[in-house]
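The numbering used here puts the first residue of the sequence shown at 350, with every later residue one more than the last. Each residue gets a CB set at the ideal place from its N, CA and C atoms; glycine is no exception. Below is one structure; the comments refer to it alone.
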Amino acid sequence: MSREYERKIKEEKPVVAICYDFDKTLSPDDMQAQGYIQSVGYDVPDFWKKSNSLAADNEMDQNLSYMYMMKQASEGKVLFTKPQLAEYGASVKLFPGVERWFERIREYGKEKDVIVEHYIISSGLKEMIEGTTVAREGVFEKIYASSFYYNENGVAVWPAQVVNYTNKTQFLFRIEKGVLDINDPAVNDSFSPEEIRVPFRNMIYIGDSDTDIPCMKLVTSYGGHSIGVYDATGDNKTKVYKMMRDGRIRYFAPANYAEGAELDSLVKSIIDRTATNEALEKRYYKCKNEQLSDDNKNNAESRKKTDLIIALDNSNNFIATHSLVSELRKIANWTYDEKKTVASDRCSQQSGSLHSS
């Protein structure tokens, strides 16, 4: 059975896609550690220690391990349903300014004729993120995160999606092409540069740690903007210094999303730059398409004649001129205007030779 996938087409205005990790990027701590782990009787360090050991002992993905642990630990203690996970998400704390950030930055983009879109790319739980105050307001264009499959009773029984640090990058390509559904195979289709909806140069990736490095490196390598954030209350910049040293990020700033803060100023500057740069890109593609249209009108011989005439006009020595004239003589069909141009160029070349002698 065929299915309609969610796809976006390229707009007249440029699009800036701001992609965020969640834990310790928008929130000061892991989302699971802000209510859920405590509710199932674990100390937070003990839960992660057991989860990581389970992964190591069984050659298991660490994200699958913590999802399994959550499912097992909930049995007989708390409901493990989508609404319950969303309720835990509702209590997740956010960094200063996050609540108003998304709409304010979107409005700033409008002032600059730039469309700003916000995306989550997280190894955390989609259900919890969807329960946060900001997600409930619909600020995110798409949330890519780990999630569960639920049975007929609404209970989580199996992982539906697992997002880890390496497969995070696939979502950047989906955003780039506007192919947003995780099962849409069109992400593998070839797009010409002018058809790309969000070029990597127009992406901003904001993250905090090693799990963000593949995305940061990819965005940076293709001319985009990767930003490392850190909790300003501790002022520990060790991670962002390392990411900068290793060429993973271009900038770092405190995880303060308030208006007028360093991060606010930085992102607005990137939007300003994008507005200017995309105006130039639009002009370039206009010129390029005009040139291609002209090429389509003219056959290969016509283009060769034009190239030779231009080369003759630019020739500044006898040997080069003689070689070009020999090539010109190989072409049989000349219009009157073309012959006149060639004759004029040859006279100019001879006059130049006389003056130089």
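Answer with buried or exposed for residue i, where buried requires no fewer than 16 other C-beta atoms within 10 angstroms of its C-beta.
i	result
His704	Residue confidence for His704 is low, a pLDDT of 40 falling below 50, so the modelled location carries little weight; the figure read from the coordinates is stated next. Exposed, by the Cβ-count rule.
His467	buried
Ile659	exposed
Asp613	buried
Val589	buried
Ile680	exposed
Val364	buried
Lys319	What the structure shows of the chain is the stretch from 350 to 706, and residue 319 is not part of that stretch, so it cannot be assessed.
Arg449	exposed
Gln640	exposed
Arg652	exposed
Ala405	exposed
Trp329	The question about residue 329 has no answer here: the residues shown for the chain are numbered 350 through 706.
Lys362	exposed
Ser664	buried
Arg523	buried
Gly573	buried
Asp370	buried
Met350	Any answer about Met350 is weak, because its pLDDT of 49 lies below 50 and its placement is not dependable; what the coordinates show is given next. Result: exposed.
Cβ of residue i within 9 Å of Cβ of residue j?
i	j	result
Phe444	Asp559	no
Lys442	Pro394	no
Ser575	Tyr600	yes
Ile470	Lys517	yes
Ala439	Tyr391	no
Cys564	Leu629	no
Leu434	Tyr417	no
Cys368	Val511	no
Asp557	Ser472	no
Lys420	Ala509	no
Lys461	Ala602	no
Val447	Ile620	no
Lys566	Gly596	yes
Gly384	Tyr437	yes
Ile562	Met593	no
Quick one: Cα of residue i to Cα of residue j, how far?
i	j	result
Thr582	Glu543	44 Å
Ser715	Phe429	Residue 715 lies beyond the stretch modelled for the chain, which goes from 350 to 706, so this question has no answer here.
Ser495	Leu413	9 Å
Glu424	Arg455	42 Å
Thr374	Val578	6 Å
Asn682	Thr670	20 Å
Ser706	Ile668	In this prediction, Ser706 scores a pLDDT of 36, lower than 50, which makes its location untrustworthy; the coordinate-derived value is nonetheless stated afterwards. Roughly 15 Å between the two C-alpha positions.
Ser400	Ile386	12 Å
Thr481	Asp644	55 Å
Lys431	Met380	15 Å
Asn500	Lys475	17 Å
Lys631	Ser388	54 Å
Ala366	Tyr685	55 Å
Tyr633	Glu408	50 Å
Arg678	Ala535	51 Å
Ser570	Val463	23 Å
Glu452	Val616	13 Å
Ile553	Tyr493	16 Å
Lys586	Tyr514	21 Å
Leu611	Lys654	It should be noted that the sequence gives Glu, not Leu, for residue 611. Roughly 57 Å between the two C-alpha positions.
Asp662	Ser675	15 Å
Lys359	Lys635	16 Å
Tyr498	Asn638	48 Å
Trp507	Ile545	35 Å
Glu627	Phe540	18 Å
Ile555	Ala604	10 Å
Asp584	Ala484	28 Å
Ile478	Asp656	60 Å
Lys333	Asp410	Outside the displayed span of the chain (350 to 706) sits residue 333, for which this structure offers no information.
Asn739	Tyr415	Because the chain here runs from 350 to 706, residue 739 falls outside it and cannot be looked at.
Ala382	Tyr457	34 Å
Gln519	Ser642	35 Å
Asn666	Ser672	10 Å
Gly701	Ile598	Residue placement at Gly701 is poorly supported in this model, since its pLDDT is 48, which falls under 50; the coordinates still yield a value, given next. Their backbone Cα atoms lie some 55 Å apart in a straight line.
For a cutoff of 9 Å on Cβ pairs, would you count residue i as touching chain C?
i	result
Val589	Of the protein chains in this structure there is only one, and it is not chain C.
For the structure I just gave you, are there three or more beta carbon pairs, one from the segment 475-491 and one from the segment 537-554, closer than 8 Å?
no
Beta strand (DSSP E) segments (min. 3 residues) lying fully within the segment 591-638:
600-603
What runs of the alpha helix (DSSP H), each 4 residues or longer, lie entirely inside the segment 485-548?
518-526
Any 3 or more C-beta pairs closer than 8 Å across the segment 527-537 and the segment 353-363:
yes
Every unbroken beta strand (DSSP E) inside the segment 408-488 [3 residues or more]
464-474
Report the start-end ranges of each alpha helix (DSSP H) in the segment 368-408 that is 4 residues or longer and not cut off at the edges.
385-388 and 393-406
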